[in-house]
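Residue numbers (our numbering): 22 to 407. Note that the Cβ used here is the ideal one computed from N, Cα and C, for glycine as well.
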Amino acid sequence: MSARRPERGFTLLELMTAAAVGVVIVLAGLAAFDIQDRFSRNTERLLGTQATSSLALTMMQRDLENAGLRFRGGAQDAGGPQWAAVVRPYDNLGGAITQLVNDTSGGNVVAVAGPNPGFVPGTDAFEVLLGSQQLEPARLAAQVVSPGAWGGATLQVFVAPNPFTANEIGAVGADGPLLMFWNDDVHCIGRMVGSGALGVIVQKVDANLVNSGAIWALTTPACPANGMRVEVLQTRRRYLVYQSQTAVGRPPRLGLYLQTNAFCDPADGGAACDTNLGAPRMIAEGVDDMQVAWRVPGGWGPDGGTWCERSPDELCGFDQPSAQGSQLAAQIIGAQIYVSSRGSELLLRANEPVPHLLNHIPVPATDGIVRSIMQTGVVFRNVVNP
22 MSARRPERGF TLLELMTAAA VGVVIVLAGL AAFDIQDRFS RNTERLLGTQ ATSSLALTMM
82 QRDLENAGLR FRGGAQDAGG PQWAAVVRPY DNLGGAITQL VNDTSGGNVV AVAGPNPGFV
142 PGTDAFEVLL GSQQLEPARL AAQVVSPGAW GGATLQVFVA PNPFTANEIG AVGADGPLLM
202 FWNDDVHCIG RMVGSGALGV IVQKVDANLV NSGAIWALTT PACPANGMRV EVLQTRRRYL
262 VYQSQTAVGR PPRLGLYLQT NAFCDPADGG AACDTNLGAP RMIAEGVDDM QVAWRVPGGW
322 GPDGGTWCER SPDELCGFDQ PSAQGSQLAA QIIGAQIYVS SRGSELLLRA NEPVPHLLNH
382 IPVPATDGIV RSIMQTGVVF RNVVNP
C-alpha cells in the first residue's frame, strides 16, 4: 500500500496566470460598462438636444402662423409706397446689420465680443408682430372715419367706434400704442402720439418701430383712408442666436433666445402695450446657428425663384439695415427654418464638419463638435398679401 502523497498548492506561475485572467475579465467588463454608459449618455444628450430644439421650432412656428393676428400687414398692390411688415427678417447678422434695436430709447443687441454678450455673427433672426388677444367689440369694429390734413409729420385720424382704453390714450408719445391701418390691398403703420376730441394723432415709424418724423404724404390709394380697419399692437417677439455674458465662475451660455415686449392687457384695465423689447431669454441651449429661407412673390430674384436665402449665393436684401420694414418683407408668406444645436454638453468626434445651412458658409468648416440639425416650415395665415 503506497503512502499518501502530500497536498500541493498552486505555484506562483499559476497564481499569476489566474490573476492576469481575472484582471482581463474585470477590465473587459468595465470597458463594456463604460461603452454602454457613454452610449447611454450620448443617446440621452442627443434626445435632449433634439427635444429642446423641437420645442423652440414649435414656438417659432406657432408665432409665425399667428403673425398679423388682429394686426394684419402686407404690401400695397395698387400704387403708393405704403406697406407694413408683421414678420421682420434679419439675414446674416454681423455683416451689414451690426445691431438689433430693442426700444425707442436706443437700447440694442450687438455681436458677441470677448466676455460681452451678443448675437452670433452669421446667424439669422426675425421678429413677429401680433395684435390684441381680446375679442372686444370696439376693437373688432374700429374703422377710420376720416383722416385729417396731409403733408405733416403727424396726421390726425378720426376712428369710430373708439377702440382705445384710458391707459392707451394716456400712453401717447414715443412709446404710445402702435396702430395698423389696413384693407385688403393697402396697409400702413403709425404710432399714436396724441389724442383729442377729433381723433388720434399718429406719427410714422421706421424699420425699427421708432418714430421717424417722415411726412404723411397723400398717395393713391391713400393710407389711412375712410373705412380702413384699425388695430393695436399687443405683442412683439424676436428670435435670435445669442451668447450670454462671461463672468468669473460663470461661463457663457449659447443658444436660441427670445426677446419680447412687456406683458400688457389694456382691454382689462392693464397698462398700454409698447414695442420695447426686454433682455434675451434662453429657450433652447446649445443652438449655435439658425438660418431661414423666406417665401416671397413669384418671379423675384435673379433666378425668378420664390424662396429667399435658400442657397449660398443668394441674398434677398434682408441682410441690409432697414430691410425689415421693406416692401419685400411685407410680402413674405412663408418660411423654412433650420437650426443646428450642439446641446448643453459637447460631443466630440474627430474631423466632424460644421453643418452648412442655407446661405451661411461656416468658418472654420471643421471643429470636431457633433451637432443635431432640425427643420420646420410654415405658411402664414393672417397676413394679407396681393
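- In the three-state DSSP reduction, Met395 falls in the strand class (E or B).
- Here Met37 is exposed. Its C-beta has fewer than 16 other C-beta atoms within 10 Å.
- Counting C-beta atoms within 10 angstroms of its own C-beta, Trp171 has fewer than 16 neighbours from the protein chains shown and is therefore classed as exposed.
- With the rule of 3 Cβ pairs closer than 8 Å, the stretch 350-368 counts as touching the stretch 384-402.
- Your pair Asp227 and Ser343 checks out as a contact, with CB atoms roughly 7 Å apart and the cut at 8 Å.
- Each of Pro168, Glu86, Thr79 was checked against the Cα of Arg250, and the nearest Cα belongs to Pro168.
- Relative to the Cα of Leu156, the nearest Cα in the group Phe92, Asp310, Tyr260 belongs to Phe92.
- Within the same chain, Cβ atoms closer than 7 Å to the Cβ of Lys225 are found at Gly211, Ser233, Ala235, Trp237, the five residues on either side in sequence being excluded.
- The C-alpha of Arg109 lies about 26 Å from the C-alpha of Ala163.
- Straight through space, the alpha carbons of Asp206 and Glu373 are spaced by roughly 50 Å.
- In the structure shown, the three-state DSSP call for Gln264 is strand.
- Distance from the Cα of Arg83 is smallest, within the candidate group Leu34, Gly127, Glu148, Val42, for Glu148.
- Close CB contacts of Ala300 within its chain, under the 8 Å cut and outside five residues either way in sequence, are with Gln280 (chain order).
- Shortest Cα-Cα distance from Leu277 to any of Pro287, Gln352, Tyr263, Val178 involves Tyr263.
- With fewer than 16 other Cβ atoms from the protein chains shown falling within 10 Å of its own Cβ, Val45 counts as exposed.
- If you ignore the 5 residues before and after Met81, its C-beta comes within less than 7 Å of the C-beta of Tyr260, Ile358, all in its own chain and listed in chain order.
- About 6 Å separates the CB atoms of Thr125 and Asn297; that is less than 8 Å, so the two are in contact.
- Taking the Cα of Gly248 as reference, the smallest distance to any Cα among Pro142, Val165, Phe179 is reached at Val165.
- With a contact defined as Cβ atoms closer than 8 Å, Ala305 and Ala77 qualify at about 4 Å.
- Fully contained in the stretch 129-204 are the following alpha helix (DSSP H) runs of length 4 or more, in chain order: 158-162, 187-191.
- The stretch 323-365 contains, as complete beta strand (DSSP E) runs of 3+ residues, the segments 355-362 (chain order).
- When the five nearest sequence neighbours on each side are left out, the beta carbons in the same chain lying within less than 8 Å of the beta carbon of Arg331 are those of Ala314, Gln357, Leu379, Asn380, in order along the chain.
- Setting aside the 5 residues that flank it on each side, Gln154 is surrounded in the same chain by Gln255, each with a C-beta closer than 7 Å to its C-beta; the list follows chain order.
- A straight-line Cα-Cα distance of about 17 Å links Ala386 and Asp334.
- Judged by DSSP in its simplified three-state form, Ala96 adopts strand.
- Inter-residue distance for Asn183 and Ala159 is about 6 Å (C-alpha atoms, whole angstroms).
- Annotation for Val214: Thr175, Val193, Gly194, Ala195, Gly197, Ile222, Val223, Gln224, Asn232 place their beta carbon closer than 8 Å to its own, counting only its chain and skipping 5 residues before and after.
- Ala146 and Ala53 have their C-alpha atoms roughly 45 Å apart.
- When C-alpha distances from Gly135 are compared across Gly220, Gly346, Ser265, Ala351, the shortest belongs to Ser265.
- Residues Leu151, Gly152, Asn403 of the same chain have their beta carbon placed closer than 7 Å to that of Leu90, with the five preceding and five following residues left out of the count.
- Taking a C-beta distance under 8 Å as the contact criterion, Cys209 and Gln120 do not qualify as a contact pair.
- Cβ neighbours of Val122 within its own chain (closer than 6 Å, five residues either side excluded): Asn129, Asn229.
- For Ile304, the uninterrupted beta strand (DSSP E) run begins and ends at 302-306, by DSSP.
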